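Beneath this line is the structure, given in structure tokens, with notes to follow.
2 protein chains.
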Amino acid sequence: MRTNVTMQDIANKLGVSSVTVSKALSDKEGVSDNLKIKIKKLATEMGYRYNSAAKSIKDGLSYNIGVMIPQRFTGPNESFYLKVYQQIALHLDSYGYYGILNILSNEDEQLLNFPRIYSENKVDGIIILGQVSKQYIETVQNMDLPKLFLDFYDEHAAIDSIVTDNFYGAYEITNYLIRSGHREIAYVGNIYSTSSIQDRFLGYYKSLLEHGLTLDHQLLLNDRDENGKYIDIELPEDMPTAFVCNCDQIAFELCDRLNSKGFKVPEDCSVVGFDNDIYATLSTPQLTTVEVDIDQMARTAVKSIMEKVSNPNRQTGRILVQGKIIFRDSVRKLNDESATTND
Amino acid sequence: MRTNVTMQDIANKLGVSSVTVSKALSDKEGVSDNLKIKIKKLATEMGYRYNSAAKSIKDGLSYNIGVMIPQRFTGPNESFYLKVYQQIALHLDSYGYYGILNILSNEDEQLLNFPRIYSENKVDGIIILGQVSKQYIETVQNMDLPKLFLDFYDEHAAIDSIVTDNFYGAYEITNYLIRSGHREIAYVGNIYSTSSIQDRFLGYYKSLLEHGLTLDHQLLLNDRDENGKYIDIELPEDMPTAFVCNCDQIAFELCDRLNSKGFKVPEDCSVVGFDNDIYATLSTPQLTTVEVDIDQMARTAVKSIMEKVSNPNRQTGRILVQGKIIFRDSVRKLNDESATTND
DNA sequence: CTGAAAGCGCTTACAG
DNA sequence: CTGAAAGCGCTTACAG
Chain A
1 MRTNVTMQDI
11 ANKLGVSSVT
21 VSKALSDKEG
31 VSDNLKIKIK
41 KLATEMGYRY
51 NSAAKSIKDG
61 LSYNIGVMIP
71 QRFTGPNESF
81 YLKVYQQIAL
91 HLDSYGYYGI
101 LNILSNEDEQ
111 LLNFPRIYSE
121 NKVDGIIILG
131 QVSKQYIETV
141 QNMDLPKLFL
151 DFYDEHAAID
161 SIVTDNFYGA
171 YEITNYLIRS
181 GHREIAYVGN
191 IYSTSSIQDR
201 FLGYYKSLLE
211 HGLTLDHQLL
221 LNDRDENGKY
231 IDIELPEDMP
241 TAFVCNCDQI
251 AFELCDRLNS
261 KGFKVPEDCS
271 VVGFDNDIYA
281 TLSTPQLTTV
291 EVDIDQMART
301 AVKSIMEKVS
311 NPNRQTGRIL
321 VQGKIIFRDS
331 VRKLNDESAT
341 TND
Chain B
344 MRTNVTMQDI
354 ANKLGVSSVT
364 VSKALSDKEG
374 VSDNLKIKIK
384 KLATEMGYRY
394 NSAAKSIKDG
404 LSYNIGVMIP
414 QRFTGPNESF
424 YLKVYQQIAL
434 HLDSYGYYGI
444 LNILSNEDEQ
454 LLNFPRIYSE
464 NKVDGIIILG
474 QVSKQYIETV
484 QNMDLPKLFL
494 DFYDEHAAID
504 SIVTDNFYGA
514 YEITNYLIRS
524 GHREIAYVGN
534 IYSTSSIQDR
544 FLGYYKSLLE
554 HGLTLDHQLL
564 LNDRDENGKY
574 IDIELPEDMP
584 TAFVCNCDQI
594 AFELCDRLNS
604 KGFKVPEDCS
614 VVGFDNDIYA
624 TLSTPQLTTV
634 EVDIDQMART
644 AVKSIMEKVS
654 NPNRQTGRIL
664 VQGKIIFRDS
674 VRKLNDESAT
684 TND
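Protein chains in written order, with the numbering used here: chain A, 1 to 343; chain B, 344 to 686.
Dropping the structure here:
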């Protein structure tokens, strides 16, 4: 049933050599226009399809990029990394490449196993999408392939990385709260949990410092345990006027909790999030938040990995992708100063 | 920098032939245990990696399956198909296969272009995930490869398909409402929009028929225009006691709308959804709904396409994957009969 | 303009 | 148990 037409088949029918067919189909020099047209026509008629495996073996390239996502970030309600993967696949397409998704199982991460895409030479480069354990980072370093960390980084590993500018995003949105007249501002998030959450905290802290506000440890609210499992947020006794949440989902939960305790958002407390994901528009009120630019992250990641494929010594370092504040209805202005002015 | 060790390199170092190395590494007959151990050890030391392109060219198989999702189903807040793709990739792994994601652009769908994964022979089979146009279905039929429709089907195309049992799921959940004492029950959804929505409507209708209830066209509420764009749901003058929604997102919107109009769910009206996606738990109250078994769909799709790869004549027909009702808080019991009894 | 030869990395079938 | 030869489908470098 499968036709499986080869260049040789076309050559035979036309009484020419497969070299000529190859040249004609790839528009190379050295075939008369007349013959070229005949060859192309016959190829279409015979349903010829290019065999990319043959090209791969010649070039030593698979024309695939592996995208590895740790299993733990793939729960039923998590789709952020899948979205990023989708954009990566889209951008790879414009380079003539394909994206192969590889979920890194907890077991393989624990046992420090190489992924099959690596040991079978299925890819020309690997994008690791989502923080892996310190030990697995070493395993990644031992892989003899271009590789890139996406959405996290590691100080010890000399592996290029692309991350959202978490620090600056949190800094900006905290500045916005302060410009809006807020002075008691809480941060919600476990600052020992991931580098993203920690960096967002530091951006918040920098904003406080710059405005001469002191960091009140009573206003650092935990939202998850060491394993990343969400816990109930304990509201402080002396309530702040605003909350900077490490992500929209937590901001969403916080709004719920505040509402149920009788606090109105934003009348009694303002709440801001981070990510601009689905939770930002589903919460009541809709959240003012920092949008993570998924498309730009994917675009940058693809550009960077493709450069490394053609030049394995290429170093791109740590690239920060800017987010931008999306203004919605969860912040109350406590003063008269225009709140939408930039710093 | 890339080592790129081949079997020949190993053979040279050991003064044997590459045939022997090949046999040793793939645990074939015909190599002494002693030599086999030496070869394996050296292979590890040299960082040897199998070249799957060479295998592909020998076998005429790419060991990839393409998963094609029409662009229109990949909006920023849509992740259902990406979840399905993720599960497909996971299940393919256990067959030694990989999943290549291919977003079918609106343009390519319009122009009836073959996807690159097909014309470059990158895959051994294609799963089309999400309804494509009638014309594109013909294009798919012309592809000389095992193929499968996932989450939709077409009466004219003799292409095997796997769908959620939309009909039966809607039938069951409507039965449940009727058992709970409801008699005026609306259906929310554009019944000309997709086969899924239409089939869910028919399941709802069958339940009415079986219980001697008449279909009231005032209670068929539209939720989207011909292009699939959501429109505001118009509530009927004579309110029903329950609403069967074609999906959770619409049920979520409906709850919002009912709440804002002063109707309480489920006290004044009951609402049920379909899908059991993120909207089911984010709505107030949480929704009773039909869960679509994503994992089972992916598992079945992978099994089916793998069978077709090894035997292109294999026909699997239209396979229905059962969902199950998830009971939550959006249905009020209007009678005393136990509402959780099965029919 | 056209094509014979060699080679990419591996495996299969066969010979020793 | 071990290996020389041929071949998978294509391309490159070279010769005519």
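Ideal Cβ placement from N, Cα and C applies to all residues, glycine included.
Remember, it's a predicted structure, so these values are computed and weren't measured experimentally.
Any C-beta of chain B under 9 angstroms from that of residue i
i: Gly-60 (chain A); result: yes
i: Ser-52 (chain A); result: yes
Within-9 angstroms CB hit, residue i to chain A
i: Pro-413 (chain B); result: no
i: Asp-487 (chain B); result: yes
i: Arg-345 (chain B); result: Confidence in Arg-345 (chain B) is poor, its pLDDT being 49 and thus under 50, which makes the residue's placement unreliable; the coordinate value appears in the next sentence. Chain A contact via Cβ: present.
i: Ser-399 (chain B); result: yes
i: Thr-684 (chain B); result: Because Thr-684 (chain B) sits at a pLDDT of 46, beneath the cut-off of 50, its placement in the model cannot be relied upon, and the following sentence gives the value as read from the coordinates. So no, Thr-684 (chain B) is outside the interface.
Beta-carbon proximity list for residue i, same chain, < 7 angstroms, skipping 5 on both sides
i: Asn-342 (chain A); result: Note that Asn-342 (chain A) has pLDDT 45, beneath the 50 cutoff, so the model's placement of it is unreliable and the number below is only indicative. Around Asn-342 (chain A): no qualifying Cβ.
i: Gly-323 (chain A); result: Thr-164, Asp-165, Gly-169, Val-290, Glu-291, Val-292 and Asp-293
i: Ser-395 (chain B); result: Tyr-406
i: Glu-109 (chain A); result: Pro-70, Val-132, Ser-133 and Tyr-136
i: Leu-92 (chain A); result: Ile-65, Tyr-98, Gly-99 and Val-302
i: Gly-439 (chain B); result: Tyr-406
Beta-carbon contacts of residue i that lie in its chain and below 6 angstroms, excluding the five residues immediately before and after
i: Tyr-547 (chain B); result: Ala-513, Thr-517, Tyr-530 and Val-587
i: Glu-340 (chain B); result: A question about residue 340 (chain B) goes unanswered here, because the residues of chain B that appear run from 344 up to 686.
i: Phe-416 (chain B); result: Tyr-424 and Gly-473
i: Ala-24 (chain A); result: Val-31, Lys-36 and Ile-39
i: Asn-678 (chain B); result: Gly-524
i: Phe-606 (chain B); result: Cys-612
i: Ile-521 (chain B); result: His-554
i: Leu-552 (chain B); result: none
Same chain, Cβ closer than 8 angstroms to residue i, five either side skipped, listed in chain order
i: Met-1 (chain A); result: Confidence at Met-1 (chain A) is low in this model, with a pLDDT of 36, below 50, so the placement of that residue should be treated as unreliable; the coordinate-derived value is given next. Closer than 8 angstroms at Cβ, skipping near neighbours: no residue.
i: Arg-392 (chain B); result: Val-348
i: Ile-576 (chain B); result: Val-531, Leu-564, Asn-565, Asp-566, Ile-593, Glu-596, Leu-597 and Arg-600
i: Ser-536 (chain B); result: Arg-567, Glu-569 and Gly-571
i: Gly-358 (chain B); result: none
i: Lys-371 (chain B); result: Ser-365
Top-ranked residue by Cα proximity to residue i, from the options
i: Lys-83 (chain A); options: A:Ser-94, A:Val-67, A:Tyr-97 and A:Gly-96; result: A:Val-67
i: Asp-154 (chain A); options: A:Ile-126, A:Lys-134, A:Leu-35 and A:Leu-208; result: A:Lys-134
i: Tyr-176 (chain A); options: A:Leu-25, A:Ala-242, A:Asp-232 and A:Glu-29; result: A:Ala-242
i: Ala-500 (chain B); options: B:Ser-673, B:Arg-661 and B:Lys-465; result: B:Arg-661
i: Ile-408 (chain B); options: B:Arg-675, B:Asn-678, B:Val-608 and B:Ile-648; result: B:Ile-648
i: Gly-571 (chain B); options: B:Phe-544, B:Ile-469, B:Gly-532 and B:Leu-385; result: B:Gly-532
i: Ser-399 (chain B); options: A:Thr-316, A:Arg-179, A:Lys-122 and A:Asn-311; result: A:Lys-122
i: Leu-287 (chain A); options: A:Gln-86, A:Met-297, A:Lys-303 and A:Arg-332; result: A:Arg-332
i: Asn-420 (chain B); options: A:Arg-299, A:Val-309 and A:Ile-278; result: A:Ile-278
i: Leu-491 (chain B); options: B:Asp-370, B:Ile-470 and B:Ile-480; result: B:Ile-470
i: Ile-100 (chain A); options: B:Ser-448, B:Leu-625, B:Tyr-428 and B:Ala-623; result: B:Tyr-428
i: His-217 (chain A); options: A:Glu-237, A:Ile-231, A:Asp-199 and A:Tyr-230; result: A:Glu-237
i: Gln-639 (chain B); options: B:Thr-659, B:Leu-558, B:Arg-543 and B:Ile-431; result: B:Ile-431
i: Ser-365 (chain B); options: B:Asp-376, B:Gly-358 and B:Ile-353; result: B:Ile-353
i: Glu-172 (chain A); options: A:Phe-274, A:Leu-42, A:Ser-161 and A:Thr-300; result: A:Phe-274
i: Leu-562 (chain B); options: B:Ser-448, B:Asp-494 and B:Pro-583; result: B:Pro-583
Contact test: residue i Cβ vs the ligand ADP heavy atom, cutoff 8 angstroms
i: Ser-422 (chain B); result: The ligand ADP is absent from the structure shown, which contains no ligands of any kind.
Cβ-based contacts, 8 angstroms cut-off: residues of the segment 19-50 of chain A near chain B: Gly-47, Arg-49 and Tyr-50
Give me the subset of the segment 458-481 of chain B whose CB atoms are less than 9 angstroms from a CB atom of chain A, sorted by chain position. Arg-459, Ile-460, Tyr-461, Ser-462, Glu-463, Asn-464 and Lys-465
Please identify, using Cβ separations under 8 angstroms, the residues of the segment 407-437 of chain B that lie next to chain A, in order along the chain. Asn-407, Thr-417, Pro-419, Asn-420, Ser-422, Leu-425, Lys-426, Tyr-428, Gln-429, Ala-432, Leu-433 and Asp-436
What are the residues in the segment 94-114 of chain A lying within 7 angstroms of chain B by C-beta distance? Tyr-98, Gly-99, Ile-100, Leu-101 and Ile-103
Name the residues in the segment 260-285 of chain A whose C-beta lies less than 7 angstroms from a C-beta of chain B; which are they? Ile-278 and Leu-282
Curious, which full-length beta strand (DSSP E) runs of at least 3 residues does the segment 8-92 of chain A contain? 64-70
In chain order, which continuous runs of the beta strand (DSSP E) of length 3 or greater are located wholly inside the segment 540-596 of chain B? 585-588
Runs of 4 residues minimum, wholly inside the segment 94-172 of chain A: which ones carry the alpha helix (DSSP H) assignment? 106-111, 116-119 and 134-141
Unbroken beta strand (DSSP E) runs of length 3 or more, entirely within the segment 276-337 of chain A: which are they? 289-291, 318-321 and 324-326
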